[in-house]
Amino acid sequence: MRLLLVEDDAALGERLRARLTQEGYAVDLAADGLDGAHLGATEPYDAVILDLGLPRKPGLAILRDWRALGNTVPVLILTARDGWAERVEGLQAGADDYLGKPFHAEELVARIQALLRRAAPAQATELRIGTWRLDEARQCLVSASDATQALTGTEFRLLRYFMRHPGEVLSKTRLSEHVYDYDSERDSNVIEVYVRRLRTLLGPDSIETRRGQGYVFKGSSPAG
Ligand code: CA
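Sequential numbering from 89 applies to the sequence shown in our numbering.
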């Protein structure tokens with residue numbers, strides 16, 4: 089899952105980026121309104137955290153422009169503590185949720201997780217494949233008998249994206265766009281390597297290759 093964070097307070101932006109990265113998201117940080125507006129209009133994000141008070145272009149104008157262009161990405165706005173009027177305007181402009189400053193990073197993480205769940209309503213709260221459950225907090229797989237299987241950061245992000253889009257044909261380009269942030273070297277061939285590794289963990293039929301198109305996540309009994 090890839091997030092865009094638009095926040096001009098440099099210290100807060102870096103702190104939130106570090107926290108969200110630690111939670112297993114690929115995060116792009118934009119420090120002003122024009123950069124944020126551009127990234128949000130051109131890169132495929134799974135959710136956006138948008139501060140409203142921004143230099144060069146206010147958050148509300150950014151949000152209105154995205155919605156006018158048909159961009160339906162889930163957006164959580166950050167507002168001033170007593171900014172009830174701002175929150176109303178933000179929700180009317182198409183925000184999906186809001187958080188008043190100051191806030192605890194834990195609450196932001198929980199709200200982003202809820203936004204992403206709502207954006208993929210077919211999915212249950214728990215992500216499962218065969219007898220495995222994906223533990224999003226610990227970023228590992230847990231078996232029915234509570235044994236854990238560790239995942240690397242990239243394996244975790246890729247598997248979570250697959251699990252949120254079962255049955256869909258996902259191209260290597262789309263997968264790499266959602267698994268890596270803007271600054272990462274995005275070699276979509278690397279996705280093949282990770283898919284092979286996930287098949288070893290989850291069973292050969294868990295991810296089907298559609299030649300020339302990409303992959304389809306099936307889910308199946310785990311190998312072994
Ligand atoms: Ca601000």
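Note that CB positions come from ideal geometry on N, CA and C, so glycine has one too.
Where residue i falls: helix, strand or coil (DSSP)
i    : result
S308 : Because S308 sits at a pLDDT of 45, beneath the cut-off of 50, its placement in the model cannot be relied upon, and the point is left open.
A181 : coil
Y109 : Looking at the sequence provided, one finds Thr at residue 109 rather than Tyr. Helix.
Q301 : coil
A235 : coil
T160 : coil
L203 : helix
E265 : helix
R248 : helix
E174 : helix
E131 : coil
R274 : coil
R152 : helix
Sheet register partners of residue i (DSSP bridge)
i    : result
L93  : L117 and I137
V230 : R221 and T236
R216 : R221
T167 : G188
L258 : Y303
I295 : F305
Any non-hydrogen atom of ligand 3 within 7 angstroms of residue i CB
i    : result
A173 : Of the ligands one can find in the structure shown, namely ligand 1, none is ligand 3.
Inter-stretch contact (C-beta, 8 angstroms, three-pair minimum) for the stretch 117-125 and the stretch 136-144: Yes, the stretch 117-125 touches the stretch 136-144.
Neighbourhood of ligand 1 [Cβ distance below 5 angstroms to any heavy atom], ordered by chain position: Every residue passing the under-5 angstroms Cβ criterion appears here: D96, D139 and G141.
Inter-stretch contact at 8 angstroms, needing at least 3 Cβ pairs: the stretch 251-262 / the stretch 98-106: Segments in contact, no.
Touching by the beta-carbon criterion (3+ pairs, under 8 angstroms), the stretch 173-189 and the stretch 144-160: Counting Cβ pairs under 8 angstroms, three or more are found: they touch.
Three CB pairs or more closer than 8 angstroms across the stretch 160-169 and the stretch 108-119: Counting C-beta pairs with one atom in each stretch, the stretch 160-169 and the stretch 108-119 have fewer than three that are closer than 8 angstroms, which means they do not touch.
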